[in-house]
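Take a look at the structure below.
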Amino acid sequence: MFEPGNIVLGFAKKISDPKDKYVISIYRDEECEILLHFTTSQPRAGVPLEEVHHGIIRKDNEYISYVFEAKREIGTNPTTGTRFAFPKQTTMSFDYGLLKGTEHKLLTMFDNPRVVCKLDATEYINLVYAMYRSSHTPTQYKPHLKKVLDDYYSQQASE
Numbered sequence: 000m001f002e003p004g005n006i007v008l009g010f011a012k013k014i015s016d017p018k019d020k021y022v023i024s025i026y027r028d029e030e031c032e033i034l035l036h037f038t039t040s041q042p043r044a045g046v047p048l049e050e051v052h053h054g055i056i057r058k059d060n061e062y063i064s065y066v067f068e069a070k071r072e073i074g075t076n077p078t079t080g081t082r083f084a085f086p087k088q089t090t091m092s093f094d095y096g097l098l099k100g101t102e103h104k105l106l107t108m109f110d111n112p113r114v115v116c117k118l119d120a121t122e123y124i125n126l127v128y129a130m131y132r133s134s135h136t137p138t139q140y141k142p143h144l145k146k147v148l149d150d151y152y153s154q155q156a157s158e
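Per numbering that gives the first Met the number 0, the very first residue in the sequence shown carries number 0; after that it's consecutive.
Pasting the structure below:
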């Protein structure tokens, strides 16, 4: 369920305001430790609204968030094969919303979780790159992000 690049939708019952939430799986290691990031439809990009656009958001050359424009196709639903787009503008702020744990632990935080999208490779790697470059991303997660990037670019070089 929490394979890297998957977007999962479920009722997040262990957050301060329980509700249906999207999470994006960023990393999974051999011991099944998983790094997830919650998204928000709140205006949390960190820049004025007129400066918000799809993709990496920078302020003063600092990577601060990643925005998915509403209705912009970013991947494919693995169950139906249809293209996926968030219904609302959706933001990942790098200064909050990260969760790490085993799949079993993470699954207990949701009711009815389901994979709704596998991000396109370019979208996924751009997101991971922005998180890695951001000083707002907690340093404890940087080695995981670096491994994703190293593996991706090593694979690209061998093709």
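We put the beta carbon where it would ideally sit given N, CA and C, even for glycine.
Inset, instruction - State the DSSP-derived secondary structure class of V127, mapped to helix, strand or coil. - result: DSSP places V127 in helix when its eight states are reduced to three.
Inset, instruction - Would you mind working out which of T79, S64, R27, P17 sits nearest A128, comparing C-alpha positions? - result: For the record, residue 128 in the displayed sequence is Tyr; it is not Ala. Measuring C-alpha to C-alpha distances from Y128 to each of T79, S64, R27, P17 identifies S64 as the nearest.
Legend entry - Buried or exposed (CB count within 10 angstroms, at least 16 for buried), N5: Answer is buried; the Cβ neighbour count reaches 16.
Inset, instruction - Kindly provide the ranges of any alpha helix (DSSP H) runs that are 4 or more residues long and lie completely inside the region 86 to 110, ordered along the chain. - result: For the alpha helix (DSSP H) assignment, the uninterrupted runs of no fewer than 4 residues enclosed by the region 86 to 110 are, from N- to C-terminal side, 102 to 106.
Inset, instruction - May I ask you to report which of helix, strand or coil DSSP gives A156? - result: The three-state reading of DSSP puts A156 in helix, counting H, G and I together.
Inset, instruction - Can you check DSSP and say which residues form a bridge with F67? - result: DSSP, once it has assigned bridges, lists T89 as partnering F67.
Inset, instruction - Return yes when the Cβ of G74 is within less than 8 Å of the Cβ of L118, no when it is not. - result: Cβ distance < 8 Å, so L118 and G74 count as in contact.
Legend entry - Local conformation of A11 per DSSP, three classes: Strand.
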